[in-house]
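This report refers to the structure that appears directly beneath it.
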Amino acid sequence: MGAVIELNELTDAAQKAFPADKLSPSRDESWQLAAEMGWLMVRLPEEDGGLGFTREASTALHLEMGRVLAAMPLIPAQLGLQAVIASEDFAERADWLERLAGGEYAPLPMLSAKLTQGSDGSISGTISGVFEADMAVAVVAQLPGGYALVPLDAPGVSLVERPIWDPSRRLFDVVLESYTPTLMLTDASGAKALHDRLSGEAQLALAADCIGAAGAALDMTIEYMKVRRQFDRPIALFQALKHRAADMKTRIVVAEALLWKRVRDESASVTELAAAKVLAAEAFRFVTEEMVQLHGGIGLTDEHPCHLFLKRALLNLQLCGNADLWNERVGREALA
Amino acid sequence: MTDTADLEALRREVRSFLAAEAPTGWRDASRTQDDFVRTQRDWFGKLVRAGYAIPHWPAEYPGGGRSLAEQKVIYEELAGADCPRLLLSFVSTYHAFATLHECGNAEQKARYLPKILEGETWCQGFSEPGAGSDLAAIKTRAELKGDVYVINGQKVWSTMAQFADKCLLLARTSSDGVKQAGITYLLMDMKAPGVTVRPIHQIQGDEEFAEIFLDNVEIPVSERVGEEGKGWAVAQATLASERGLTLMELSYRMRGALGRVAKLIREHGHEEDRGVLRDFGTLVTQVDAVCAIADQFLDNRINGIERMGDASIVKNAYSRALRAYSALGLRLGGMDEQYVAPITFGDLNTGNWMADFMNSYAWTIAGGSEEVQRNIIAERMLDMPREPKGWVL
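Chains A and B, in that order, give the protein sequences.
Numbering follows my numbering, in which position 225 of the first sequence is assigned residue number 1072; successive positions increment by one, without gaps.
Numbering follows my numbering, in which position 39 of the second sequence is assigned residue number 24; successive positions increment by one, without gaps.
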């Protein structure tokens, strides 16, 4: 029961700090607030000075941040922190944990990297999918020799912003040119286990972002349908439209049920966690497509937030493996 | 409240009973309606004797007095062991029980409830040709003459009425005022003079439902439940009697039956067809999610935090998944499925894909159609305005 209370308190605090009517709050102010509220430490074990909460807690936070279309990169930050937490043999582990818990940012990339190793052992290529890299001190990357912290001010490391359609976030490539890693988190043999752990966590975090944002999109759409009048009545009265709203609600509630089931299932495989993300992201996409249509012309304007939801949904679908990839894998594993 | 250790003890107890007694080969033994009814009666009798047939009844009945958490355990184990579902006795143990228990008088309870455990079966005389989603529009009349009601009218979509001993009947005693106000709830003997039952031949070859024709049927006043004209409220007790266990049980059965789709994929050599694997994976996740929402719904009921509309979401999620399940099997089965093959009565996931596909419509139509559920979700959960009443076209 204690865990339930903690979870509710966390959710309440998040909703107070990030009210639903303020979409896309300033990234830097949000980050500072999150650090002050201890959110960067929720998953840090107590023996490392953190709060030691379970993944239910981080899921609850990511869900609330999805609801307001947060620009702050809490998901990549949590995942980067977990990479360091898991790296027991990393000599500077304690030092980095303190820095990250204190507000420095070392994200895990949300897309795969294309890297090659030179004969001298140095690494060149591109690490894609790094959110808000302009505020990062380092990136957690899977290099040919294992996971490493790559400081962004190291020689041979540069940043390239890749403009994306989703205006609620910023995405960068980290480009390596003959970079020699110095801060190894794992060796090559330890990389697989860490990869599985991080990718499962990433799927849950993204699923939560989708569910939170989809819920907010539905709320806004219902509100609009109640005030928008045509033919002398609110359009919410039309059964053809009410049924669409009901289907939106159903998709969200069902995807959320699977998400929480898998969050609480410690034995769930990466594929099973990814299935929860695919279902949540598809629900989010469905809801936002309907949101634009049900808003009519206003939904096509830049000044109305509909497009923020739609674009976030379509980007989320592509992060950490898309629906085609994971659905195939779910099918293959269920066949085995 | 039942603690976890007690629940696990119950689970072991049910499991060991099922290991010894769970019927095998019942699908092959249910190729005709009569054989199906026989297997149903056998299995119901065994469950009554073992104490697992009526866990939701009060403790004064043998096998009753189980908490909802305990009921969930029993149904999980029945689904896991792939036992036949109790279809023939469903209306008796749920609808008739809830109606009599909540609204019946002492004499009615004493007369009918013990007989249900002896195998007496009930059907439901609610829907009519002109009263489906709009149930309160029933026209079957009940006229009080002395100490009997005389009934004239027609009922339809009555589940297994051809095998029923008794009927929960809604009839109109008045046409004044709002249509709900003139409805009276009666208990009818199916062998009474003037009752004619005609099974409905369904598109997949099953006869799960029947029509009931009522021609000057006499029902004693003592068989009325509640007051005259207050039958609509009693009917709500009937309809609210099932508390989510069925959908949870069915969801887990469909989860178990995904193996039938996998078998089809292997038989047709689609193991490396990425499109087929994606479609199968999508279905697996859809079914897993239905199990998750059905579980969550029951847990919310157990914890007393169910919200208006939750049940509608579970029903629509299940019925759509069932359609998707049978549609994928039908597609993968290809031309083979177009040749008529024997059907199995009383099962939704038989592997006869044409039959299963057609049967899946029962779940998007019966028990409150998908469209009615959408109205409930929109109006009661999302608080969208209700349609103005009384429009005349």
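We put the beta carbon where it would ideally sit given N, CA and C, even for glycine.
With which residues is residue i paired in a DSSP beta bridge?
| i | result |
| --- | --- |
| A/Gln964 | A/Ile970 |
| A/Asp1020 | A/Val1007 |
| A/Ala1092 | BP columns for A/Ala1092 are empty, so no partner. |
| B/Asn137 | B/Arg126, B/Asp200 |
| A/Phe978 | A/Leu1018 |
| B/Val182 | B/Ile197 |
| B/Glu113 | B/Ala116 |
Pick helix, strand or coil for residue i, following the three-state DSSP scheme.
| i | result |
| --- | --- |
| B/Asp284 | helix |
| B/Val152 | Looking at the sequence shown, residue 152 of chain B is not Val but Cys. Three-state DSSP puts B/Cys152 in a strand. |
| B/Ile39 | coil |
| A/Val987 | strand |
| B/Val272 | helix |
| A/Phe1085 | coil |
| B/Phe342 | helix |
| A/Cys1057 | helix |
| B/Gly353 | coil |
| A/Asp1000 | coil |
| A/Cys1167 | coil |
| B/Ile188 | coil |
| A/Pro872 | coil |
| B/Glu372 | coil |
| B/Tyr46 | coil |
| B/Trp107 | strand |
| A/Ala1122 | helix |
| B/Thr169 | strand |
| B/Val210 | strand |
Could you check the C-alpha separation between residue i and residue j for me, to the nearest Å?
| i | j | result |
| --- | --- | --- |
| B/Cys68 | B/Thr9 | 8 Å |
| B/Asp273 | A/Val1101 | 10 Å |
| B/Thr125 | B/Val141 | 11 Å |
| A/Gln1050 | B/Ile328 | 42 Å |
| B/Val182 | B/Ala91 | 30 Å |
| A/Asp1094 | B/Gln139 | 35 Å |
| A/Gly968 | A/Tyr1026 | 9 Å |
| B/Arg96 | B/Leu172 | 12 Å |
| B/Glu234 | B/Glu61 | 6 Å |
| B/Leu120 | B/Ala279 | 26 Å |
| A/Ala1160 | A/Glu935 | 36 Å |
| B/Met(-14) | A/Val987 | Note that B/Met(-14) scores a pLDDT of 46, beneath 50, so its modelled location is shaky and nothing firm can be said. |
| B/Phe198 | B/Gly179 | 8 Å |
| B/Ile350 | B/Leu3 | 33 Å |
| B/Gln25 | B/Tyr37 | 14 Å |
| B/Arg371 | A/Leu1084 | 7 Å |
| A/Met848 | A/Cys1167 | Low per-residue confidence applies at A/Met848: pLDDT is 39, beneath 50, and the placement is therefore not dependable enough to give any value. |
| B/Gly50 | B/Gln56 | 10 Å |
| B/Leu(-5) | B/Ala64 | 15 Å |
| A/Arg940 | A/Gly992 | 18 Å |
| A/Ser1116 | B/Tyr346 | 34 Å |
| A/Arg1109 | A/Ala1063 | 22 Å |
| B/Leu129 | B/Cys108 | 23 Å |
| B/Val325 | B/Lys176 | 36 Å |
| A/Thr1148 | A/Leu916 | 18 Å |
| B/Cys276 | B/Val22 | 29 Å |
| B/Ala149 | A/Ala1122 | 45 Å |
| A/Leu1023 | A/Pro1010 | 19 Å |
| B/Asp284 | A/Pro866 | 30 Å |
Would a C-beta distance cut-off of 8 Å place residue i and residue j closer than the cut-off?
| i | j | result |
| --- | --- | --- |
| B/Arg286 | B/Gly229 | yes |
| A/Ala904 | A/Glu853 | yes |
| A/Cys1153 | A/Gly1146 | yes |
| A/Ala1128 | A/Leu1164 | yes |
| B/Ala156 | B/Thr169 | yes |
| B/Val366 | A/Lys1096 | A small fix is needed here, since residue 366 of chain B is Met in this sequence, not Val. Closer than 8 Å, so yes. |
| B/Leu333 | B/Asp321 | no |
| A/Asp1020 | A/Ser975 | yes |
| A/Lys1124 | A/Leu1053 | yes |
| A/Leu1155 | A/Ser959 | no |
| B/Val267 | A/Asn1169 | It should be noted that the sequence gives Thr, not Val, for residue 267 of chain B. Going by C-beta atoms, B/Thr267 is not nearer than 8 Å to A/Asn1169. |
| A/Glu1048 | A/Leu926 | yes |
| A/Leu921 | A/His909 | yes |
| A/Tyr994 | A/Thr1033 | yes |
| B/Gly415 | B/Val33 | Chain B is shown from -14 up to 378; residue 415 of chain B falls before or after that span and cannot be answered. |
| B/Ala146 | B/Ala195 | yes |
Please list the partners that residue i has in chain E, where partner means a Cβ-to-Cβ separation under 9 Å.
| i | result |
| --- | --- |
| B/Val33 | No chain E is part of this structure, whose protein chains are labelled A and B. |
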